[in-house]
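First comes the structure, then the notes that go with it.
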Ligand SMILES: Nc1ncnc2c1ncn2[C@@H]1O[C@H](COP(=O)(O)OP(=O)(O)O)[C@@H](O)[C@H]1O
Ligand SMILES: [Mg+2]
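Chains as they are written, first to last, in my numbering: chain P, 968 to 1277; chain E, 48 to 396.
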């Protein structure tokens, strides 16, 4: 593994890391650019313009009585910068997203591996079990957790309390743990799918090859299988992380008003406080942070694995 | 004592019989090929020897030890897979070193042996290449080096050359045979290519639908095929229906107006089988009457499609500069008695 980054020997290594070949797509190649116009117009109308308006909005002023004032000031940004409440809220948002990502990776990768080794009918059945939830609304899936653990009336809490296993309801609702667990559950299919896709590219004989060379099961998993599905785990992690950090339904149902994350805070500023400019600033900040994290880690992953996996 | 012994080896997948009652003994240092059409159970047999598949019946013994008691990772066999199954995240050197690492060979000796193995397969300068950046032939060599570096007692090759183009395949065949001769590693090769099997092996096991049709040296299986299947699978052959007439002394084979002294041990209807290159054109009055239907020039030889009274026949003549019969010409086909093989007709057509 470490040799991936070591310098090539002076010997006849000819292939340099994929030289750029900017041949296609030039003006002279006759690419029918006008054909992208409809899609481009749609993109501009429904994505770029609202986005630009949101960014502009975040620089406007707002007062309890005067409402939104179309000026260009840094008031909202300064407030976010100076008030520790926002720092805490953003830290919580990313902490929750990181933990949910870790849990989906730790559970989802083995899940995909086991699934991939199953035979015929069982494989199809369990694939349906894992992907089926995608067909159900996030709200419904999250409400399931609320039904199970929601205070003294939650089904599980009630049962455990009546059995005398616990004295008080398990603290789940309005806790960070609760949000993390529910998010991990909701996001699991994305991780499993991503690892599953990576597993499809693994030579089915490769584990036998390692075994014939004297490797035990643990070694095979650690040295042969894991490195090969790592790109799948990482791309799954990027998906889960960005979806978790910007998730709204799950944090708002489990976390509620008490435990705000960036998305629920922005929502509240827009619809309850009616301080649109501040909400816009929060939303823009979340977007920028996410884009930076995703693009950055994607570049890192691509550089790390470019040599090995095309 | 037999080095490797397959004793009544049987494998069933549900109701489907993949390998049935396979008996085979391999001597130390021998090169044996499992030859047969796709789906005849060659890979299954190899995977049972390797330990990736359990036997439904029978036993496999290596140097007297029953392999069922030895985990696949402890058998110490070298295996080259059809897909090569190289570790894509490791360089060529790391791939080759893996088996030595598992054996806890010290780093210095490991590096030495990896280098020697790569040099042996002609990849001395490619130690730091990743498999994805290598050609099929180079990947194939890495796979071979990886299998050989652990000094296996037995080398198993599953169609290792089938993904290479014809020219490279021929080169690799020669190289493979040389390496095997030099190292003296007992080798079992799986292939569906009869030329490959014949040019590489000491003995060939011809398989068909999970059964062994014949085991013998390349010459034996080619010259004395035990069944019509073997005769046809190992190159072209001509077959005529004939009868042994016991009335005369000594007995004669008769096919139409052609007849010849019959070898002992046959009676009644038989199938006469003669390879096309064994047939020559004879003078008037001798051999089997025929007419040249099509004549094809193929560089170093001529190919004649003839019509005889016993059916169509193919004749191959070396292009030795002599005049050859033209299309439409009447000829007589003759062959030496020892060049024809007889089978009782009706048995396994
Ligand atoms: N895992 C399996 N399950 C069911 N049938 C199998 C399996 N592996 C092989 N077979 C069947 O066993 C027969 C022999 O297969 P194989 O040994 O791969 O043939 P080949 O001679 O081409 O290597 C084939 O008919 C194949 O369909
Ligand atoms: Mg096969």
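Ideal Cβ placement from N, Cα and C applies to all residues, glycine included. If you're wondering where the values come from, they're calculated on a predicted model, not measured in any experiment.
By the Cβ rule, the stretch 378-388 of chain E counts as touching the stretch 317-334 of chain E, because three or more pairs are nearer than 8 angstroms.
For residue 219 of chain E, the enclosing alpha helix (DSSP H) stretches over residues 213-230. With a cut-off of 7 angstroms, the C-beta of residue 89 of chain E is classified as near ligand 1, since at least one heavy atom of the ligand falls inside that distance.
Taken through DSSP and simplified to helix, strand or coil, residue 1140 of chain P comes out as coil. Excluding sequence positions up to five before and after residue 131 of chain E, its CB lies within less than 7 angstroms of the CB of 186, 187 and 190, all in the same chain and listed in chain order. Taking the Cα of residue 116 of chain E as reference, the smallest distance to any Cα among E/101, E/291 and E/367 is reached at E/101. For the stretch 120-145 of chain E, the residues whose beta carbon sits under 7 angstroms from a beta carbon of chain P are, in order, 120, 124, 126, 128, 130, 132, 134, 135, 136, 138, 141 and 145. Within the stretch 90-103 of chain E, those residues whose Cβ lies closer than 9 angstroms to any Cβ of chain P are, in chain order, 94, 97, 98 and 99. The nearest non-hydrogen atom of ligand 2 is 7 angstroms or more from the C-beta of residue 1269 of chain P. Within chain E, the residues whose beta carbon sits less than 9 angstroms from that of residue 1173 of chain P are 128, 130, 132, 133, 134 and 135, listed in sequence order.
Exposed is the label assigned to residue 1263 of chain P, since fewer than 16 other Cβ atoms lie within 10 Å of its Cβ.
Contact annotation: the stretch 240-257 of chain E touches the stretch 215-224 of chain E, with at least three C-beta pairs closer than 8 angstroms.
Of all residues in the stretch 209-231 of chain E, none places a beta-carbon less than 9 angstroms from a beta-carbon of chain P. Cβ neighbours of residue 1201 of chain P within its own chain (closer than 6 angstroms, five residues either side excluded): 1268.
Secondary structure in the stretch 1016-1048 of chain P: the alpha helix (DSSP H) runs of 4 residues or longer, each lying completely within the stretch, are 1016-1024 in chain order. 8 angstroms or more divides the Cβ of residue 256 of chain E from the Cβ of residue 78 of chain E. Using a CB distance below 8 angstroms, the part of the stretch 146-175 of chain E facing chain P consists of 146, 149, 150, 171, 172, 173, 174 and 175, ordered along the chain.
Contact between residue 302 of chain E and residue 315 of chain E fails: their C-beta atoms lie close to 13 angstroms from each other, not under 8 angstroms. Cβ-Cβ separation between residue 1025 of chain P and residue 1176 of chain P: approximately 56 angstroms, too far for a contact (criterion under 8 angstroms). The closest heavy atom of ligand 2 lies less than 7 angstroms from the beta carbon of residue 205 of chain E. Its chain contains 298, 300, 309, 313, 314, 315 and 317 as the residues whose beta carbon lies nearer than 7 angstroms to that of residue 291 of chain E, once the 5 sequence neighbours on both sides are disregarded; these appear in chain order. Residue side-chain check: residue 253 of chain E keeps its Cβ at 7 angstroms or more from all non-hydrogen atoms of ligand 2.
In this structure, the C-beta of residue 63 of chain E approaches ligand 1 to less than 7 angstroms from one of its heavy atoms. Annotation for residue 1205 of chain P: the continuous alpha helix (DSSP H) segment containing it runs 1193-1212. Pairing residue 1236 of chain P with residue 1245 of chain P gives a Cβ-Cβ distance under 8 angstroms. Listed in chain order, the positions of the stretch 1191-1210 of chain P with a beta carbon within less than 7 angstroms of a beta carbon of chain E are 1191, 1194 and 1195. Cβ contact annotation for residue 243 of chain E (same chain, cutoff 7 angstroms, sequence separation greater than five): 208 and 220, in chain order. Using a cutoff of 7 angstroms, the CB of residue 237 of chain E counts as near ligand 2, since one of the ligand's heavy atoms is closer than that. Rounded to the nearest angstrom, the gap between the Cα atoms of residue 322 of chain E and residue 283 of chain E is 7 angstroms. With fewer than 16 other CB atoms across the displayed protein chains lying within 10 angstroms of its CB, residue 112 of chain E is exposed. Listed by position along chain P, the residues whose Cβ is nearer than 8 angstroms to that of residue 197 of chain E are 1180 and 1181.
Beta-carbon to beta-carbon, residue 1059 of chain P and residue 1228 of chain P are separated by about 6 angstroms, close enough to satisfy the 8 angstroms threshold. Taking all protein chains in view, the Cβ of residue 1179 of chain P is crowded by 16 or more other Cβ atoms within 10 Å, so the residue is classified as buried. Less than 8 angstroms separates the beta-carbon of residue 50 of chain E from that of residue 73 of chain E.
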